[in-house]
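Input: a single structure, listed below in structure tokens.
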Amino acid sequence: MTASVKSGTWEDVELKTTCYGCPAGTCGMLARRVNGVVVAVRGDPEDPFSQGKLCAKGQAQLMMAYSKRRVTKPLKRTNPEKGIGVDPGWVEISYDEAVAITAEKVKHCRDVDPGGLVFATSDFTTLPWFLPSLLISFGSFNHTSGGRAFCGNNVHPVLQQVHGGFHVGPDFHFCNYLMLFGSNKGAMSNWAAVTATLEMSRARRRGMKLVVIDPWCSNAASIADEWVPIRPGTDGALVMAMINVMVNELGMHDVEFVRRLTNGSYLIRDVDGHYARDTGTGKPQLWDTADQRAKVYDDPTLASPALEGSFVVDGEPCTPSFQLLRKHLAKFTPESASEITSVPAHTIRRLAREFATAASVGSTIDIDGHTLPLRPACAHWYKGISQHSQGFEQGLAIAMLNTMVGAVDVPGGLLADTVFAHHPEFSENSTWMGAGSGMRERDGLVAAGKIATYGDSFPAPFPMKDVPNPYNMSADSLAAVGSYNSGLVSKVNVLEPKKFNDKVPHNPMVYVQVVSNDLLNEGNPKQQADFHRKFGFQLSIVPNIDETAEFADIIFPTQTQLERLDMGANNIPDTMGSTATNEYCINLRQPVVPTDYKHNVDIWIDIAEKAGFLPAFNQTVNQFLELKGEWALLPDGKYGNEQLMERWIRSMTGGKLSLADVAKEGRIRWAKSVQEKYPRPFYKSRIPVYYEYFLEAGARVKATTDALGMDWDVSRYKPLVDWYPAPGHGRNENGFELFAVNYKWPFLTSTFSNFNPWLAELTQYHPYVGKIILNRSYAQAHGIRDGDRVVAENQRGRRVEGVVLLSECIHPECVGMDHHGGSWAKNLPPRRKTMGPHFGELLDYDLKNLDIMDGAMEASPKLRVTRVG
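Take any residue in the sequence shown, count from 1 to its spot, add 39: that is its number in this note's numbering.
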């Protein structure tokens with residue numbers, strides 16, 4: 040701390056911390072503090088994620104710490120009635136009383152049925168360790184968040200199988216042609232938003248072409264060379280048609296990559312679609328054209344595996360999977376895809392040729408003494424593709440588009456954030472420093488390593504998982520090739536358990552809310568309110584009373600972003616190796632605003648101590664923070680969050696660094712080697728283009744659900760990627776002819792932004808915020824004028840009302856609304872209460888809206904829009 044020479048100023052310093060204005064929490068920040076008050080923040084120029092810049096959300100963070108709307112004392116509910124708009128009758132109580140009341144409730148739950156606790160959190164900073172530590176020490180497996188419904192459902196499980204990573208981004212340094220499907224990567228959205236946007240701008244300046252496929256002219260589309268409007272939920276059909284053109288019409292795919300680094304050369308038994316396995320080793324076999332016989336995939340004499348032909352192995356007719364794929368692709372003609380997507384056939388053919396040409400198959404580049412494949416074209420996808428009940432295969436299709444040209448983890452292609460990491464000094468001490476990192480394999484195929492599986496606490500779908508009887512409220516075990524099921528399942532299960540034949544756990548006892556607001560951020564709030572009323576006790580640890588917290592029985596005030604201490608502030612598995620940077624970085628968030636409020640971790644530790652299960656919590660913290668030796672927690676000790684962060688840093692650096700050491704720079708960082716940045720050329724594991732294990736996964740799901748008497752669809756467990764229509768496709772009944780689409784603004788992130796008055800004020804100056812958006816030609820044909828009040832209604836009669844804005848920036852068959860609109864919490868900033876309709880009102884908790892493969896929730900229902908009056 041440095042004293043200023045100015046009269047009356049005893050402190051004027053600039054302190055390092057990490058922004059938390061969005062869930063990613065990646066950006067290094069400098070906070071200027073004068074006499075104990077933070078007066079300004081800016082990007083840290085030494086931080087690779089912010090590069091000296093902050094977005095609007097980051098700049099506005101100081102408004103949260105000093106907000107007069109925040110909770111200042113623990114609160115107890117006195118009104119037993121719960122509901123939207125119902126006054127809870129809050130009374131202030133002491134911290135000790137709040138701990139005692141909560142501890143009694145959670146102890147009872149743990150004693151009677153630990154599975155009755157649900158932990159609702161989107162605190163991505165602590166997600167890798169606090170979430171599993173809390174749940175496992177308690178004995179519950181119930182995690183929920185709005186992100187589980189729409190976010191990465193068809194992203195993470197696909198990436199774990201194709202890249203061996205958890206997140207991906209374009210190689211902005213060498214990419215010349217980028218396609219974005221339902222993604223705003225590089226346009227102030229998605230992970231590592233600031234640095235990705237900066238790198239996108241540099242790539243665009245040097246000539247990279249950007250094509251955006253989206254029903255909505257998104258932030259990314261607005262800066263693109265080309266925006267291709269598409270019917271929602273049909274991207275997979277377009278992509279499969281592109282691949283068909285590239286493979287079957289143009290022959291512009293990377294044949295050698297497909298031959299040697301995919302399972303396209305694996306032999307498939309004609310009789311059952313399974314691999315032709317060696318009878319001795321059980322390994323998949325290929326046909327070597329060099330000596331005309333079958334060999335296992337890792338046979339050192341394997342010279343030239345066949346991609347086409349018919350062969351007989353052990354008396355069984357077999358076909359290479361790539362030949363099956365080529366035949367399957369043939370049905371996806373550009374003409375048929377045009378009927379599905381509304382994208383003209385000639386556009387589909389042109390995009391296919393442009394993409395394949397830009398990929399420059401066969402080209403190489405020399406980097407630091409390594410000659411690497413150069414594939415300067417790739418496709419990226421995210422939330423827009425995930426939020427459909429048939430989105431899983433669409434993610435697989437887009438990943439296959441990159442695979443067909445070899446644009447996977449090589450210069451110019453789509454890069455996993457972290458596959459291989461190796462800190463030059465500390466690599467053996469911790470998963471996050473590189474212990475056990477790299478690509479694993481099974482049957483010669485890519486299997487995600489430790490970082491991509493959150494230190495093995497977030498299992499990948501491959502190698503194939505067991506399918507036990509459901510063990511949590513969302514029946515995650517039934518998402519056999521995904522990561523989890525969304526809150527759709529848990530809500531339906533708790534409210535209508537007979538739909539699962541009473542075989543899925545559904546005993547709601549305690550709901551714990553931390554950095555989460557599902558009532559606003561997921562589906563229909565009235566159905567969610569019914570769900571919350573089922574819980575005997577709700578604990579909310581929040582800085583502000585949001586829509587979900589209004590259902591709480593006890594509220595604890597907690598720290599805001601500038602008051603928190605968090606190592607791994609940037610959610611290590613997700614962004615530690617953000618592909619827009621040339622280094623690995625683990626940021627520290629340190630408090631820059633003096634406070635008496637407690638971190639949510641400290642509050643839970645006090646509750647665990649009072650309830651008598653702190654030793655179990657300590658044990659699981661040791662496991663998930665990988666605390667070893669002298670840095671491990673003793674079973675009967677009590678350690679605060681600051682002590683945990685100190686021990687974590689000490690343990691991961693072998694005692695070489697302390698919390699104070701890391702605080703000086705604000706991070707642990709190291710430059711990436713070529714293998715760390717471009718891992719694909721350093722591994723032989725193959726990428727699946729034929730998902731053979733889906734057959735067995737589907738059989739296991741069917742066996743489990745049949746035994747439980749549950750009706751569960753397994754029809755999509757097929758090895759070849761396909762496209763399936765969502766519930767509303769091909770049906771325009773009674774005027775329900777518009778697909779709902781929702782979108783985010785780069786200056787807002789759900790509840791992270793809701794209580795910030797600066798951001799609320801900013802929304803007042805954006806013409807689209809809070810409006811219901813209709814295509815101008817559609818509106819005019821139906822007598823709707825700009826500024827009219829309209830009602831948007833789904834087929835169950837759920838409706839929202841708002842002001843319409845006419846635009847050419849939306850597909851003619853769509854109606855658009857903010858993902859952020861319609862907040863109703865009583866303590867919101869005044870301007871925040873005028874942000875239009877709540878999109879979630881139109882999303883029903885109905886099993887027909889569930890993606891049975893990855894658990895996502897359908898977010899494009901068919902709507903009818905009519906003028907008011």
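Don't be surprised by glycine CBs; every beta carbon is placed ideally from N, CA and C.
Exercise. Ignore the nearest five residues each way along the sequence and tell me which others in residue 188's own chain have a CB closer than 6 angstroms to its CB.
Key: In the sequence shown, residue 188 corresponds to position 149, counting from 1. Residues 525, 526, 561, 896 of the same chain have their beta carbon placed closer than 6 angstroms to that of residue 188, with the five preceding and five following residues left out of the count.
Quiz prompt | Close beta carbons around residue 665, own chain, < 6 angstroms, minus the five adjacent residues each side | solution = For this step, residue 665 is matched to residue 626 along the sequence shown. 469, listed in sequence order.
Quiz item: In chain order, which continuous runs of the beta strand (DSSP E) of length 3 or greater are located wholly inside the region 550 to 623?
Solution: Complete beta strand (DSSP E) runs here, min 3: 576 to 580, 593 to 595.
Exercise. Starting from the Cα of residue 539, find the closest Cα among 392, 476, 581, 750 and give me that residue.
Key: Along the sequence shown, one-based indexing puts residue 539 at 500. Ranking the options by Cα distance to residue 539, first place goes to 750.
Quiz item: In its own chain, which residues sit with a C-beta less than 6 angstroms from the C-beta of residue 725, not counting the 5 before and 5 after it?
Solution: Walking along the sequence shown from the start, residue 725 turns up at place 686. Same-chain partners within the cutoff: 300, 301, 302, 483, 484.
Quiz prompt | Buried versus exposed call for residue 831 [16 or more other C-beta atoms within 10 Å across all chains shown] | solution = In the sequence shown, residue 831 corresponds to position 792, counting from 1. Around the beta carbon of residue 831, a 10 Å sphere encloses 16 or more other beta carbons of the protein chains shown; the residue is thus reported as buried.
Quiz item: I think residue 909 touches residue 306, with their Cβ atoms under 8 angstroms apart; what is that distance to the nearest whole Å?
Solution: Nothing can be reported for residue 909: it is not among the residues displayed for the chain, which extend from 40 to 908.
Quiz item: Just reading off the alpha helix (DSSP H) that residue 733 is part of, what are its end residues?
Solution: The residue given as residue 733 occupies position 694 in the sequence shown. Run containing residue 733: 732 to 746, per the alpha helix (DSSP H) assignment.
Practice problem: Rank 729, 699, 558, 850 by C-alpha distance to the C-alpha of residue 863 and give the top, closest one. | Solution: On the sequence shown, position 824 is the one that residue 863 refers to. Here the closest residue by C-alpha is 558.
Quiz item: Taking residue 328 as the reference, which of 353, 309, 298 has the closest Cα?
Solution: Mapped onto the sequence shown, residue 328 falls at position 289. Ranking the options by Cα distance to residue 328, first place goes to 298.
Self-check item: Contact set for residue 523: own chain, Cβ-Cβ below 7 angstroms, skip 5 residues either direction
Solution: Taking the sequence shown and counting its residues from 1, the one referred to as residue 523 is at position 484. Beyond the five residues adjoining it in sequence on each side, residue 523 comes within less than 7 angstroms, by CB distance, of 187, 513, 515, 894 in the same chain, given in chain order.
Quiz item: So, do the region 531 to 538 and the region 759 to 774 have three or more beta carbon pairs nearer to each other than 8 angstroms?
Solution: Contact between the region 531 to 538 and the region 759 to 774 is absent, because fewer than three Cβ pairs lie under 8 angstroms.
Exercise. Indicate whether residue 380 and residue 260 have their beta-carbon atoms separated by less than 7 angstroms.
Key: Counting from 1 along the sequence shown, the entry for residue 380 is found at position 341. Counting from 1 along the sequence shown, the entry for residue 260 is found at position 221. Annotated as distal: residue 380 and residue 260, with beta-carbon spacing of 7 angstroms or more.
Self-check item: Selected residue, minimal CA-CA separation from residue 319, among 309, 326, 335
Solution: Reading the sequence shown from its first residue, position 280 is the one you call residue 319. Scanning 309, 326, 335 for the CA closest to the CA of residue 319 turns up 335.
Practice problem: Report back the beta-carbon spacing between residue 556 and residue 587 to the nearest angstrom; my notes put them in contact at under 8 angstroms. | Solution: In the sequence shown, counting from the first residue as 1, residue 556 sits at position 517. In the sequence shown, counting from the first residue as 1, residue 587 sits at position 548. Contact between residue 556 and residue 587 holds: their C-beta atoms lie close to 5 angstroms from each other, under 8 angstroms.
Quiz item: Taking contact to mean at least 3 C-beta pairs separated by less than 8 angstroms, is the region 204 to 220 in contact with the region 404 to 417?
Solution: Proximity of the region 204 to 220 to the region 404 to 417 meets the contact definition, three or more beta-carbon pairs being nearer than 8 angstroms.
Quiz item: If we count the other Cβ atoms within 10 Å of its Cβ and call it buried at 16 or more, is residue 915 buried or exposed?
Solution: Since the first residue of the chain shown is 40 and the last is 908, residue 915 is not available in this structure.
Quiz item: Exposed or buried, which one is residue 467 when buried takes at least 16 other CB atoms within 10 Å?
Solution: In the sequence shown, the residue the question calls residue 467 occupies position 428. Exposed: under 16 other Cβ atoms inside 10 Å.
Quiz item: Using DSSP with H/G/I as helix, E/B as strand and the rest coil, what is residue 691?
Solution: Numbered from 1 along the sequence shown, position 652 holds the residue referred to as residue 691. Here DSSP, grouped into helix, strand and coil, assigns residue 691 to helix.
Quiz prompt | Pairwise C-alpha distance: residue 500 and residue 521 | solution = Numbered from 1 along the sequence shown, position 482 holds the residue referred to as residue 521. Numbered from 1 along the sequence shown, position 461 holds the residue referred to as residue 500. Taking the straight line from one Cα to the other gives about 6 angstroms.
Quiz item: Which of helix, strand or coil does DSSP assign to residue 363?
Solution: Stepping through the sequence shown from its first residue, residue 363 is reached at position 324. Secondary structure of residue 363 (DSSP, three-state): helix.
Self-check item: Under 7 angstroms between C-beta atoms of residue 546 and residue 150
Solution: The sequence position of residue 546 within the sequence shown is 507, counting from 1. The sequence position of residue 150 within the sequence shown is 111, counting from 1. No, Cβ-Cβ distance for residue 546 and residue 150 is not below 7 angstroms.
Exercise. Just list the alpha helix (DSSP H) runs in the region 103 to 155, keeping only unbroken ones of 4 residues or longer that don't cross its boundaries, in chain order.
Key: You should have 134 to 151.
Quiz item: Run through DSSP, which three-state label would residue 50 get?
Solution: By 1-based counting over the sequence shown, the position of residue 50 is 11. In this structure, DSSP gives residue 50 a state outside helix and strand, which the three-state scheme calls coil.
Quiz item: Are the beta-carbon atoms belonging to residue 90 and residue 237 less than 7 angstroms from one another?
Solution: Taking the sequence shown and counting its residues from 1, one reaches residue 90 at position 51. Taking the sequence shown and counting its residues from 1, one reaches residue 237 at position 198. Using a Cβ distance threshold of 7 angstroms, residue 90 and residue 237 count as a contacting pair.
Self-check item: Neighbourhood of residue 412 by C-beta distance below 7 angstroms, restricted to the same chain and skipping five residues each side
Solution: Translated into positions along the sequence shown, residue 412 becomes position 373. The residues are 403, 445, 449, 720.
Practice problem: Taking the CB atoms as reference points, tell me whether residue 661 and residue 671 lie closer together than 7 angstroms. | Solution: The residue labelled residue 661 in the question sits at position 622 within the sequence shown. The residue labelled residue 671 in the question sits at position 632 within the sequence shown. Between residue 661 and residue 671, the gap from beta carbon to beta carbon is short of 7 angstroms.
Exercise. Return the first residue and the last residue of the beta strand (DSSP E) that residue 842 is part of.
Key: The sequence position of residue 842 within the sequence shown is 803, counting from 1. Counted as a single uninterrupted DSSP element, the beta strand (DSSP E) harbouring residue 842 occupies residues 838 to 846.
Quiz prompt | Close Cβ partners of residue 243 (< 7 angstroms) along its chain, the five nearest in sequence each way excluded | solution = Indexing the sequence shown from 1 puts residue 243 at position 204. Excluding residues within five positions, the ones whose Cβ falls inside 7 angstroms are 249.
Quiz prompt | Reference residue 191; option with closest CA among 613, 541, 354 | solution = Mapped onto the sequence shown, residue 191 falls at position 152. Of 613, 541, 354, the residue nearest in Cα terms is 613.
Quiz item: Out of 615, 582, 699, 626, which has the shortest C-alpha to C-alpha gap to residue 642?
Solution: Within the sequence shown, numbered from 1, the residue matching residue 642 stands at position 603. For residue 642, the closest alpha carbon among the candidates 615, 582, 699, 626 is that of 582.
Quiz prompt | Selected residue, minimal CA-CA separation from residue 252, among 707, 270, 246 | solution = As a first step, residue 252 must be located in the sequence shown, where it is residue number 213. Of the candidates 707, 270, 246, the one whose C-alpha sits nearest the C-alpha of residue 252 is 270.
Quiz item: Going by beta carbon distance, what residues of the same chain come within less than 8 angstroms of residue 552, once the five residues before and after it are set aside?
Solution: Position 513 of the sequence shown, counted from the first residue, corresponds to residue 552. Closer than 8 angstroms at the Cβ level, and outside the excluded window around residue 552, lie 159, 160, 577, 578, 579, 580, 581, 587, 588, 591.
Quiz prompt | Closest Cα partner of residue 137 within the set 401, 510, 113 | solution = Your numbering for residue 137 matches position 98 in the sequence shown. Ranking 401, 510, 113 by CA distance to the CA of residue 137 puts 113 first.
Practice problem: Using alpha carbons as the reference points, say which of 799, 647, 503, 695 lies closest to residue 675. | Solution: Reading the sequence shown from its first residue, position 636 is the one you call residue 675. Of the candidates 799, 647, 503, 695, 647 places its Cα closest to the Cα of residue 675.
Quiz item: Which two residues bound the contiguous alpha helix (DSSP H) that contains residue 68?
Solution: Stepping through the sequence shown from its first residue, residue 68 is reached at position 29. Run containing residue 68: none in the alpha helix (DSSP H); it sits in the beta strand (DSSP E), 67 to 73.
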